[in-house]
Each structure stands twice: as C-alpha cells, then as structure tokens.
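S.K.:
Residue numbers (the working numbering), protein chains in the order written: chain D, 1 to 276; chain W, 1001 to 1276.
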C-alpha cells in the first residue's frame, strides 16, 4: 500500500514537488497549513508529513521552526533538497506581448522583480493569497494575464508555460524535512536537530553549550535563533549537529546540554541528504 | 532645521510610527524599499534612515539583515523599540455587521487570524500588496468592507477604527535601527552589531569566535545566521554584543575575530534603547 504523505497544499506547490521527489508512489494529501500537516500525522490521517524548513536565499522557514519548537511532538525522520524555479504561466494561446496583469503571492512577485521590470515594465502586478490561487485568478481573468507559480501548477491546471527559471537568484534550493511519529534509525551518516533556551537571559550561556560540542569535536552544521515570543531579546537556539542521538558521544553531549538549559527538545536524528 | 529621515513608506506604516517615536519634529521621507531608504541616506537625500530589524514574534527582518551584510556601507547609529498593534479600519459610518470583505497584506491577515475567524467567519479575505494599499482598496470598494492596518493609517486616510489590538499575539514589539553615515559616539551603555563568515564550511569555527567573547566576559546579546546565498549550508553569522567598538577590550576582540574570519563587517556601535 502506498504511504500517505501530508503536505502544504494545494496541489501545484513546491511542497507537492518535494513529496514527488521523496516518494513518487505516495498518496499525496494536501493540507492548508503547517500545523494541519502536523496534526494529520499526529492523528494517523497521514503516515508522514513534508514541510519546508530552509531556503538557500531566504533562510529559515520560521513557521516550521516555531511549530517544531512550540506545537508538535513529531520527529524529523528525513531531509531532502529541492531546486526552486518559478514559471510564468498563461492560458493556452496567450502571447507575452498581450499580457496586461501578472498575478502572484507578493513573495513570488518580489523574487522575480528584475525579470518583471525588464520584460513587463507596463504590466500591473496583482497580489494573490498563494501562487496556486494566482493561477486560478489568471484563468478566470477576462484581460490577458499571467501568473507566477511552480512548474507543477502548469501540469495540474493545463496552462502554457511562457518562461521558466524567472526568479532573480538562479541558484535557489529549499530544504524540506519529513515529519513522522518516530525519527530514523542510525545509518552512519546522520544529523541531529535540537533546540534549547535558558531561564537566564544572558545569551552568553550559549558558549557553555557549544563548549560541549567542541570538547568532543562534534561538527555544528547550523545554528539559528528564534524569539521566545515572550520578550524581545530572549531567544531559543536551534542546532543541527553531525551524528545520531543514539551514538554514544552524541547521547552524552545531549545529556550535558539538557543539564545546562531550561527548554530542551530533540527534533530527531536522520540521514544527511544525498543527491539522487 | 528639522532632520530629514527616510523610511519604508508609504505614510501610515509602522515604519512611519517608528520615525515619529524617534524624532517627532523630523521631516519624514517615504521610500518604496529598504534599499531605497539606504540609498537616500548614502546619497545625502536624507540625514538618517529608519528600518525594522527584528520583531518579538516573527524574528529577524531578513531583508534588513541582508542589506546590512551585502549592500550598504551605512552604520547603525541608534535602535528603538515600537509596540505593534493592528487596527480594523472602515469608511466612516460602516458598522461591523455589514462587513463582507476584509483587505490586508497576507502577513497581517495571518497575524489576526483568530480574531477574524471569531468575529468575521463569513467575510471574504482579499490580499493586498501592503497594509496601506489595503486601506486604499477598502476606500474604493463598493461593497461594505474593512482593512487591517496600523493606527497611523486611520489618521492619514480619515477612516473610522472599528477595533484595535486585533493581532493574535498581544505582546508584539518591533526593534528598528537608525542608519547613518557614522555610528554613535560611546555613551557607556552601548551595543555593537557585526557579521562574519568563514572560508571553510565548518560552522564549528564559530566556536573559536565565541571563545574570544567568553575570554573577556563580554555578553552576547543576540546571535543569528543568514544564508550566504551561494550554497545551502554556508552561513553568515550576525552578533550583537555589549560594549562600544572604541572600548579597548571590544576593539581587541574585534581585531581577533577579524583575524579568524573571511567576510568581516562591523555595522556600528550605538546606545542600548531606553524606554522613553
């Protein structure tokens, strides 16, 4: 039986492309928010959920980090890396010289600003609630128009593709994580993601935690801070480190870190992504 | 002569409220982007520029961080902290029971989701390119409608305020920084902001830098990472530390950090914000 995988819908988003990259035989179930994806996995409606966690240009997807910190008991079971490319979609037969209006989410419009200024200096930009909503608005618009959306949306909505790779930054990839009730068994080339904070407000306490990693020569792949949402200047720190939480040295380090911190949560251990 | 201060316009944004908090006698000059605010100060069109850098719920304003890292020679001369409150604005005389449509930027709609679900479960949410554009769309809409925007927009556009403080998270503040050609002279209660990266991709090198701070017992107020925009997994680190770059100890530490890093940039030293 194919796995049931929840993702941030609707169909046609980069999240759906990530599910296809991870398991193209899975049954893909779209949900309207990150927290709904998590709830679907927690309740058994889906076996796994896939959410974006980091983009090479924009940085962290803070909604995902905040959900892992505050709201969900799910573990990270895997990671994958998807190249991101924006497309200009039109109704079948529309030519570029006719286009009067371009629909997209404000963030996608911003990502393609240089392309739009050069190629469509006179077109009107219209905000939509998502890139997929933009395709629907384009299809129902009576003036000649276009939408900026992922390539997958062209397949689903049967549109023409007028231009591809139109984002200003060409090397653009997004890292997704696979959420599940359990994380991954050790494979020998793993990463562990965790977060912690301190009851005292000196962020300098962070140094004590990093000392534990340095003592055992464990590599820190990523460090990030998020607001506690209580007071400005109080942070939760998120680390990705090399190794699996069941490895003897990592287990010892995690125990020592937990002893120095107030909030402490291991999001999971999982194999480092290998390009297919 | 009043100072000329550039900010992210149009008039009616939280950025304009921040300028009023900083200097209510200044001549306020709106610009359409963070980079335009910086360009206005660099070219002398404005004496100073004010941009948001961090919110207590959302975290860092990454556009501002990336501009400081990559694009602007300007220094941080001051910081200030503004309470953030969203308002529901309507045309004069509109009552809440009539409202069919609510306009705002997708982020503001998301920030007020619980309020909207409870009080306007049947209203249609319509995306706008900014909160101020939402007010303009509301004013020209023929159906009874409302817009979510800062309180300042009600003053400027002469609307009624139906509800205030409608964001889901009540304790919400944004930290702004004042950009100028020079930073601030030492006052005795200062902070210094800087960034650096390593030519090697082991983020573990960060430990060496933090060791310099720990050795001299200098407090780290904030640590943040941003993508280099070249490869996923390569980061630029941003630190806020206590002390002024002209203090002897801080000057020594900065020299030592510069010797260990490839990219190295001090954004400036400035007085820690004191509530007025």
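Even glycine gets a Cβ: it sits at the ideal position worked out from N, Cα and C.
Which residues in chain D sit within 7 Å of residue 1224 of chain W, going by Cβ to Cβ distance?
M.R.: Correct list: 225.
S.K.: Which residues, taken in chain order from the segment 1161-1188 of chain W, show a beta carbon closer than 8 Å to some beta carbon of chain D?
M.R.: Residues 1169, 1171, 1173 and 1175.
S.K.: Buried or exposed: which applies to residue 95 of chain D, given that a residue is buried once 16 or more other Cβ atoms fall within 10 Å of its Cβ?
M.R.: Exposed: under 16 other Cβ atoms inside 10 Å.
S.K.: Just how far apart, CA to CA, sit residue 1256 of chain W and residue 1075 of chain W?
M.R.: Distance between the alpha carbons of residue 1256 of chain W and residue 1075 of chain W is about 21 Å.
S.K.: Measuring alpha carbon to alpha carbon, tell me which of D:13, D:25 and D:50 ends up nearest residue 7 of chain D.
M.R.: Comparing Cα-Cα distances from residue 7 of chain D to each of D:13, D:25 and D:50, the minimum goes to D:50.
S.K.: Within the same chain, show all residues whose beta-carbon is closer than 7 Å to that of residue 206 of chain D, passing over the 5 residues directly before and after it, in chain order.
M.R.: Excluding sequence neighbours, residue 206 of chain D sits near 237.
S.K.: Beta carbon of residue 1088 of chain W, beta carbon of residue 1020 of chain W: below 8 Å?
M.R.: The answer is no: Cβ separation not under 8 Å.
S.K.: Would you say residue 1121 of chain W reaches chain D, if we count a Cβ-Cβ gap shorter than 8 Å as a contact?
M.R.: No, because no Cβ of chain D sits closer than 8 Å to the Cβ of residue 1121 of chain W.
S.K.: Using a Cβ-Cβ distance under 8 Å, would residue 192 of chain D count as near chain W?
M.R.: It does not: the Cβ of residue 192 of chain D has no partner Cβ on chain W nearer than 8 Å.
S.K.: Give the interface partners of residue 207 of chain D over in chain W, defined as CB-CB distance under 9 Å, in chain order.
M.R.: By Cβ distance, chain W contributes 1207, 1210, 1211, 1213, 1214 and 1220.
S.K.: Alpha carbon to alpha carbon, how far is residue 1251 of chain W from residue 1048 of chain W? Give it in angstroms, no decimals.
M.R.: Cα to Cα, the separation comes out at about 26 Å.
S.K.: Specify the secondary structure class of residue 1057 of chain W as computed by DSSP and reduced to three states.
M.R.: Residue 1057 of chain W falls in the coil class under three-state DSSP.
S.K.: Check each residue of the segment 1032-1063 of chain W: if its Cβ is closer than 8 Å to any Cβ of chain D, include it; give the result in chain order.
M.R.: For the segment 1032-1063 of chain W, which is checked against every Cβ of chain D, the residues closer than 8 Å are 1054, 1055, 1056, 1057, 1058, 1059 and 1062.
S.K.: Please list, in chain order, all residues of the same chain as residue 23 of chain D whose beta carbon is under 7 Å from its beta carbon, the five residues on each side excluded.
M.R.: Excluding residues within five positions, the ones whose Cβ falls inside 7 Å are 3 and 5.
S.K.: Could you say which of D:130, D:109, D:128 and D:129 lies nearest to residue 120 of chain D if we only look at CA atoms?
M.R.: The option with the nearest alpha carbon to residue 120 of chain D is D:109.
S.K.: In chain order, what residues of the segment 106-120 of chain D put their CB closer than 7 Å to some CB of chain W?
M.R.: Those residues of the segment 106-120 of chain D that come within reach of chain W (Cβ to Cβ, closer than 7 Å) are 106.
S.K.: Output yes or no for whether 8 Å exceeds the beta carbon distance between residue 77 of chain D and residue 179 of chain D.
M.R.: For residue 77 of chain D and residue 179 of chain D, yes; Cβs fall inside 8 Å.
S.K.: Identify, in the order they occur along the chain, each residue of the same chain with its Cβ nearer than 8 Å to the Cβ of residue 186 of chain D, setting aside the five sequence neighbours on each side.
M.R.: So the qualifying residues of the chain are 244, 246, 247 and 269.
S.K.: Using the beta-carbon count (16 or more within 10 Å), is residue 1224 of chain W buried or exposed?
M.R.: Burial call: buried.
S.K.: Please compile the residues from chain D whose C-beta is within a distance smaller than 7 Å of the C-beta of residue 1127 of chain W.
M.R.: Within 7 Å Cβ-Cβ: 127, 128 and 129.
S.K.: Look at the alpha carbon of residue 1025 of chain W and the alpha carbon of residue 1198 of chain W, and state the distance between them as a whole number of angstroms.
M.R.: If you take the alpha carbons of residue 1025 of chain W and residue 1198 of chain W, they lie about 44 Å apart.
S.K.: Under 7 Å, CB to CB, which of the residues in the segment 2-15 of chain D have a partner in chain W?
M.R.: Those would be none; no residue qualifies.
S.K.: Can you tell me whether DSSP reads residue 1322 of chain W as helix, strand or coil?
M.R.: Outside the shown range of chain W (1001 to 1276) lies residue 1322 of chain W, about which nothing can therefore be said.
S.K.: Please check if any C-beta of chain W sits within less than 8 Å of the C-beta of residue 78 of chain D.
M.R.: Residue 78 of chain D does not count as touching chain W.
S.K.: Counting beta carbon pairs with one atom in the segment 1152-1168 of chain W and one in the segment 1060-1076 of chain W, are three or more of them shorter than 8 Å?
M.R.: Touching, no, given that fewer than three Cβ pairs across the two stretches are closer than 8 Å.
S.K.: Applying a beta-carbon distance threshold of less than 8 Å, which residues of chain D neighbour residue 953 of chain W?
M.R.: Nothing about residue 953 of chain W can be read from this structure; chain W reaches only from 1001 to 1276.
S.K.: Would you kindly check if the distance between the Cβ of residue 215 of chain D and the Cβ of residue 240 of chain D is under 8 Å?
M.R.: Not a contact, by the Cβ cut-off of 8 Å.
S.K.: Grab the span of the beta strand (DSSP E) containing residue 1273 of chain W for me, first residue to last.
M.R.: Here residue 1273 of chain W belongs to no beta strand (DSSP E), and DSSP marks it neither H nor E.
S.K.: Got a sec: is the Cβ-Cβ distance from residue 1265 of chain W to anything in chain D below 8 Å?
M.R.: Taking Cβ atoms only, chain D never reaches closer than 8 Å to residue 1265 of chain W, which makes this a no.
S.K.: Can you pull the chain W neighbours of residue 81 of chain D, defined as C-beta to C-beta under 9 Å?
M.R.: By Cβ distance, chain W contributes 1232.
S.K.: For my contact list, residue 1148 of chain W and residue 1127 of chain W are in at a C-beta cut-off of 8 Å; report their separation, rounded to the angstrom.
M.R.: At roughly 11 Å, the Cβ-Cβ gap does not stay under 8 Å, so residue 1148 of chain W and residue 1127 of chain W are not in contact.
S.K.: Which value, in whole angstroms, describes the spacing of the CA atoms of residue 210 of chain D and residue 177 of chain D?
M.R.: Their Cα atoms are separated by approximately 24 Å.
S.K.: In chain order, what residues of the same chain have a beta carbon less than 7 Å from the beta carbon of residue 271 of chain D, not counting five sequence neighbours either side?
M.R.: So the list reads 78, 184, 187, 189 and 190, once near-sequence residues are dropped.
S.K.: By a C-beta neighbour count over all protein chains shown, 10 Å radius and 16 as the cutoff for buried, is residue 1086 of chain W buried or exposed?
M.R.: Looking at its Cβ environment, which holds 16 or more other Cβ atoms inside 10 Å, residue 1086 of chain W is buried.
S.K.: Whose C-beta lies closer than 7 Å to the C-beta of residue 1101 of chain W among residues of the same chain, with five residues either side of it excluded?
M.R.: Taken in chain order, the residues that qualify are 1123, 1124, 1126, 1141, 1143 and 1145.
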